[in-house]
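Asks: Take a look at this one; I'll ask things after.
Numbering (my numbering), first residue to last: 5 to 176.
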């Protein structure tokens, strides 16, 4: 007779608990479910620009002052990347102002280095409102101070200012 491991009560729950720890399964809290629901709706191609802008604003309010912490988490790193992708210059400035102090450590992290790459690629603005080029210049300054450390780090070497988007700023 073959035993069924699907029944939680059959083995007192110990098997399921061990399996969850081993496979990395975990419960997602309500805040995360809400944010992921908004994010999922925001990134759909069928979402109108007006609705997407409202969703970006909602997510910005929910995640405000938590960008550093959440950019290191798998689910939230993708949410923050899409906030950068779909956000305005003001959103970019808000995110960058919070992440600027930790940008080198974020570049070394396995999830948040993608957020730094999105910042390099998608920052908007003409420079007059503190967006786009001004933010990229500030990022270049931070990376120049830590260029050797970043170039030797496995993850950060993918991010540091050898990126073509940043190199074009050095020619000015």
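Think of the CB as a built atom: it goes at the ideal place given N, C-alpha and C, for glycine as much as any other residue.
As the structure is a prediction and not an experimental result, all values here were calculated from the model.
With 16 as the cutoff for other CB atoms within 10 Å, does residue 95 come out buried or exposed?
Replies: The count along the chain shown starts at 1 and reaches residue 95 at position 91. Answer is buried; the Cβ neighbour count reaches 16.
Asks: What does a CB cutoff of less than 6 Å around residue 117 pick up in its chain, not counting 5 residues either side in sequence?
Replies: On the chain shown, residue 117 is found 113 positions in, with the first residue counted as 1. Closer than 6 Å at Cβ, skipping near neighbours: 111, 159, 163.
Asks: By Cβ distance, which residues of its chain are closer than 7 Å to residue 126, with the 5 residues on each side in sequence left out?
Replies: Taking the chain shown and counting its residues from 1, one reaches residue 126 at position 122. Counting only Cβ-Cβ distances below 7 Å, and skipping sequence neighbours, we find 88, 89.
Asks: Where does residue 32 sit, in a helix, a strand or coil, going by DSSP?
Replies: Taking the chain shown and counting its residues from 1, the one referred to as residue 32 is at position 28. Coil, per DSSP.
Asks: Among 56, 49, 36, which has the Cα closest to the Cα of residue 70?
Replies: On the chain shown, position 66 is the one that residue 70 refers to. The candidate whose alpha carbon is nearest that of residue 70 is 36.
Asks: DSSP three-state label for residue 185, please.
Replies: Outside the modelled stretch of the chain, which goes from 5 to 176, sits residue 185, for which no answer is possible.
Asks: Closest to residue 115 by C-alpha separation, out of 108, 79, 66, would be which residue?
Replies: By one-based count along the chain shown, residue 115 stands at place 111. When each option's Cα is compared against that of residue 115, the closest is 79.
Asks: Does DSSP put residue 148 in a helix, in a strand, or in coil?
Replies: Counting from 1 along the chain shown, the entry for residue 148 is found at position 144. Correct three-state label for residue 148: helix.
Asks: Here's the rule I'm using: 16 or more other beta-carbon atoms within 10 Å means buried, otherwise exposed. How should residue 148 be labelled?
Replies: The count along the chain shown starts at 1 and reaches residue 148 at position 144. When all chains shown are included, residue 148 counts as exposed.
Asks: Which of the three DSSP states, helix, strand or coil, is assigned to residue 125?
Replies: Translated into the one-based positions of the chain shown, residue 125 becomes position 121. DSSP places residue 125 in helix when its eight states are reduced to three.
Asks: Within the segment 39-109, note down every full alpha helix (DSSP H) run reaching 4 residues or more, in order along the chain.
Replies: Whole alpha helix (DSSP H) segments, 4+ residues: 53-67, 71-75, 78-90, 93-103.
Asks: Does the Cβ-Cβ distance between residue 85 and residue 55 come in under 8 Å?
Replies: For the purposes of this step, residue 85 is taken as the residue at position 81 of the chain shown. For the purposes of this step, residue 55 is taken as the residue at position 51 of the chain shown. Going by C-beta atoms, residue 85 is not nearer than 8 Å to residue 55.
Asks: Are residue 62 and residue 40 touching if we call contact CB-CB under 8 Å?
Replies: Along the chain shown, read from residue 1 onward, the residue named residue 62 stands at position 58. Along the chain shown, read from residue 1 onward, the residue named residue 40 stands at position 36. It is not a contact, given that the beta carbons lie outside the stated cut-off.
Asks: Ignore the nearest five residues each way along the sequence and tell me which others in residue 104's own chain have a CB closer than 7 Å to its CB.
Replies: Locating residue 104 in the chain shown gives position 100, where the first residue counts as 1. The answer, listed in chain order, is 142, 146.
Asks: Could you check how far apart the C-beta atoms of residue 45 and residue 38 are, in whole angstroms? I think they sit under 8 Å.
Replies: Position 41 of the chain shown holds residue 45. Position 34 of the chain shown holds residue 38. Not quite, the Cβ-Cβ distance comes to about 11 Å (not below 8 Å), so this is no contact.
Asks: Is DSSP giving residue 159 helix, strand or coil here?
Replies: The count along the chain shown starts at 1 and reaches residue 159 at position 155. Three-state result, residue 159: coil.
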